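Our numbering applies: residue 31 is where the sequence shown begins, and numbers increase by one.
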Amino acid sequence: MNRVLILVNITGLIIGISYGLHGPILPIFAKNVIGASYSELGLIGLANFIPYMFIPVFVGILLDKFNNGYLLAIGASINSASIYLLSIAQSVPEIMGFRIMTGVAHAFFWPPCESIISNESNENDRVRNISWFTMFFVLGFMIGPLLGTVFLEELDITYRILFQVTAFILATAIVSALLVSRRKRKDHHQRFSFASLKEMKRFPEVLILLIFCTSSFGIILSIYPAFLNDNGMSDTDILLLYFAFGVSRVVSLALAGKFSRRTSQTLIAATFAISAGLALSVISDSIILFGVALVLMGFGFSIFFPLTLEIILSKTRKEISGKIIGAYETVFGIGWALGPTLGGPITQSFGDQAPYLVFFVIGIGVAMLAIVSRKKLEPRRIQRF
Numbered sequence: 031m032n033r034v035l036i037l038v039n040i041t042g043l044i045i046g047i048s049y050g051l052h053g054p055i056l057p058i059f060a061k062n063v064i065g066a067s068y069s070e071l072g073l074i075g076l077a078n079f080i081p082y083m084f085i086p087v088f089v090g091i092l093l094d095k096f097n098n099g100y101l102l103a104i105g106a107s108i109n110s111a112s113i114y115l116l117s118i119a120q121s122v123p124e125i126m127g128f129r130i131m132t133g134v135a136h137a138f139f140w141p142p143c144e145s146i147i148s149n150e151s152n153e154n155d156r157v158r159n160i161s162w163f164t165m166f167f168v169l170g171f172m173i174g175p176l177l178g179t180v181f182l183e184e185l186d187i188t189y190r191i192l193f194q195v196t197a198f199i200l201a202t203a204i205v206s207a208l209l210v211s212r213r214k215r216k217d218h219h220q221r222f223s224f225a226s227l228k229e230m231k232r233f234p235e236v237l238i239l240l241i242f243c244t245s246s247f248g249i250i251l252s253i254y255p256a257f258l259n260d261n262g263m264s265d266t267d268i269l270l271l272y273f274a275f276g277v278s279r280v281v282s283l284a285l286a287g288k289f290s291r292r293t294s295q296t297l298i299a300a301t302f303a304i305s306a307g308l309a310l311s312v313i314s315d316s317i318i319l320f321g322v323a324l325v326l327m328g329f330g331f332s333i334f335f336p337l338t339l340e341i342i343l344s345k346t347r348k349e350i351s352g353k354i355i356g357a358y359e360t361v362f363g364i365g366w367a368l369g370p371t372l373g374g375p376i377t378q379s380f381g382d383q384a385p386y387l388v389f390f391v392i393g394i395g396v397a398m399l400a401i402v403s404r405k406k407l408e409p410r411r412i413q414r415f
């Protein structure tokens, strides 16, 4: 693996640690300290994800014009500031404002990393390299909750201090991003255009699967921790559950190269796994059952990313890959925003188990669609490792 890819993976690890350290705790902080309702938790999640519906499109255009490492450093800087500001939040609107910043920052993190990896890879190792990067990010997301347990239980720090510590950890990613910028310089500049984004219309089945996956993921990130808390899970229990979630994601990504040999079958299995995890959440009453649910969903959420991106990139001209990556990430933003937007009000109106039951039913329908469309869910070249 070359030095650019190593630096990108290090950046992903650092940012993953910061996300895992504060992400599962934020909904609990908002509910128990600020007094947010489930509907307001949904709005906080929406505020976090809605910038990702639009900003990646513009970042994707910038990827084909500017040094990707500089864009990555910008994202790390904004992200660090937004998390630090959570430590002084006193109301739901303030949290929403700071989460909007986080959403913008995330758009300057994921697409530049994907673009750098794609440019540094050939068609035979692209799935592997993207999977390894995602695995480093998820590994950080897995380590983060364990650090959070140490900080909250052993060091007895407050939620607000935890956010400050997280911000300083994330700030170190600026260094690795700047090192990437020194080694990765643009040697061509594409014309500023949205025309290539029409390419995404060629993949309706992939888009439907992605929207289901990301909207479910949005609920798990923004509402599920509070749901666990209301069902008797302590802060430590929740962090340990998200550690198990991270383990499942890391293992799945480590095997992504092998799974890519049977892309359509794996995506169908991932959809059923997410649906099963959602259904199990409805009937769970112990940390073991919740752990099984999160392990199932961890597999599904993680394996979706490298395989669906490979389907699209394998059928796209490389010279517009940056714009396509931006459009692809915009789909993630739509799903991430849709999940909390629906999940919060559904919970408030019909009870805390309702959104998981609704998305379970939707998931079964999406899995049926994937079975019918399985030939369209294969990349142009099946990767082998």
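All C-beta atoms, glycine included, are put in the ideal place defined by N, C-alpha and C. Keep in mind the model is a prediction, meaning the values are calculated, not measured.
Inter-stretch contact (C-beta, 8 Å, three-pair minimum) for the region 293 to 312 and the region 198 to 206: no
Go ahead and pull the three-state DSSP assignment for ARG419. Here the chain has residues from 31 to 415 only, and residue 419 is not among them.
The region 372 to 386 in contact with the region 78 to 92 per 3-pair CB rule at 8 Å: no
Look up ARG347 in the DSSP assignment and say whether it is helix, strand or coil. Here residue 347 corresponds to residue number 317 of the sequence shown, with the count starting at 1. Note: ARG347 maps to coil in three-state DSSP.
Does the beta-carbon of ASN32 have 16 or more other beta-carbons within 10 angstroms, so that it is buried, or is it exposed? Residue numbering aside, residue 32 sits at position 2 when the sequence shown is read from its first letter. It is exposed - the Cβ of ASN32 has fewer than 16 other Cβ atoms within 10 Å.
Using only the alpha-carbon positions, how far apart do GLY50 and THR132 sit? Here residue 50 is taken as the residue at index 20 of the sequence shown, counted from 1. Here residue 132 is taken as the residue at index 102 of the sequence shown, counted from 1. Cα to Cα, GLY50 sits roughly 14 Å from THR132.
Could you check which residue in THR360, GLY287, LYS95, LEU56 has the C-alpha nearest to that of LEU240? Locating residue 240 in the sequence shown gives position 210, where the first residue counts as 1. Selected option, being the one with the closest Cα: THR360.
Under 8 Å between C-beta atoms of THR346 and VAL236: Taking the first residue of the sequence shown as 1, we reach residue 346 at position 316. Taking the first residue of the sequence shown as 1, we reach residue 236 at position 206. Not closer than 8 Å, so no.
How would you call ASN39, buried or exposed, if buried means at least 16 neighbouring beta carbons within 10 angstroms? Position 9 of the sequence shown, counting from 1, holds the residue named residue 39. Label assigned to ASN39: buried.
Step through the CB atoms of chain B and report whether any lies within less than 8 Å of the CB of GLY374. Looking at the structure shown, chain B is missing, and only one protein chain is on hand.
Thinking just about the alpha-carbon of each residue, which of LEU73, LEU35, ASN98, THR41 is nearest to the one in GLY248? Within the sequence shown, residue 248 is the residue found at index 218, counting from 1. Nearest option by C-alpha distance: LEU73.
Taking just the CA atoms, how far does SER344 sit from MET172? The residue labelled residue 172 in the question sits at position 142 within the sequence shown. The residue labelled residue 344 in the question sits at position 314 within the sequence shown. So the alpha carbons of these two residues sit roughly 30 Å apart.
On the three-state DSSP scale, how would you describe SER403? Against the sequence shown, residue 403 aligns to sequence position 373. Three-state result, SER403: coil.
Can you give the Cα-Cα distance for PHE193 and SER264, rounded to whole angstroms? For the purposes of this step, residue 193 is identified with residue 163 of the sequence shown, where counting begins at 1. For the purposes of this step, residue 264 is identified with residue 234 of the sequence shown, where counting begins at 1. Computed Cα separation, rounded: 19 Å.
Starting from ALA284, trace the alpha helix (DSSP H) in both directions and tell me its first and last residue. Here the question's residue 284 lines up with position 254 in the sequence shown. It spans 265 to 284 - the alpha helix (DSSP H) in which ALA284 sits, taken as one unbroken run.
Under 7 Å Cβ to Cβ from ILE392, same chain only, skipping five residues before and after it: list those, please. Taking the sequence shown and counting its residues from 1, one reaches residue 392 at position 362. PHE242.
CA-CA distance, SER67 and ASN78? By 1-based counting over the sequence shown, the position of residue 67 is 37. By 1-based counting over the sequence shown, the position of residue 78 is 48. Approximately 17 Å, taken between the alpha carbons.
Can you list, in chain order, the residues of its chain with a C-beta nearer than 8 Å to that of ASN62? Leave out the 5 residues immediately preceding and following it. Taking the sequence shown and counting its residues from 1, the one referred to as residue 62 is at position 32. Only residues of its own chain outside the window of five on either side were considered, and among them ASN259 have a CB closer than 8 Å to the CB of ASN62, listed in chain order.
LEU22 classed as buried or exposed, judged by whether at least 16 other C-beta atoms fall within 10 angstroms: A query on residue 22 cannot be resolved here, the shown segment of the chain reaching from 31 to 415 and no further.
Assigned exposure category for SER246 - 16 Cβ within 10 Å defines buried: Here residue 246 refers to the residue found at position 216 when the sequence shown is read from its first residue. The Cβ neighbour count for SER246, taken over all protein chains shown within 10 Å, is at least 16; the residue is labelled buried.
Assuming ARG156 is part of the alpha helix (DSSP H), what are its boundary residues? Sequence index remark: in the sequence shown, residue 156 carries index 126 (1-based). Residues 156 to 179.
Around the C-beta of SER408, are 16 or more other C-beta atoms found within 10 angstroms, so that it is buried, or is it exposed? Locating residue 408 in the sequence shown gives position 378, counting from the first residue. Note on identity: in this sequence residue 408 is Glu, with Ser being the wrong assignment. Counting Cβ neighbours within 10 Å, GLU408 comes out buried, since at least 16 surround it.
Cβ separation of ILE113 and LEU200, assumed to be a contact under 8 Å, to the nearest whole Å: Counting from one through the sequence shown, the residue named residue 113 turns up at place 83. Counting from one through the sequence shown, the residue named residue 200 turns up at place 170. Confirmed, about 6 Å.
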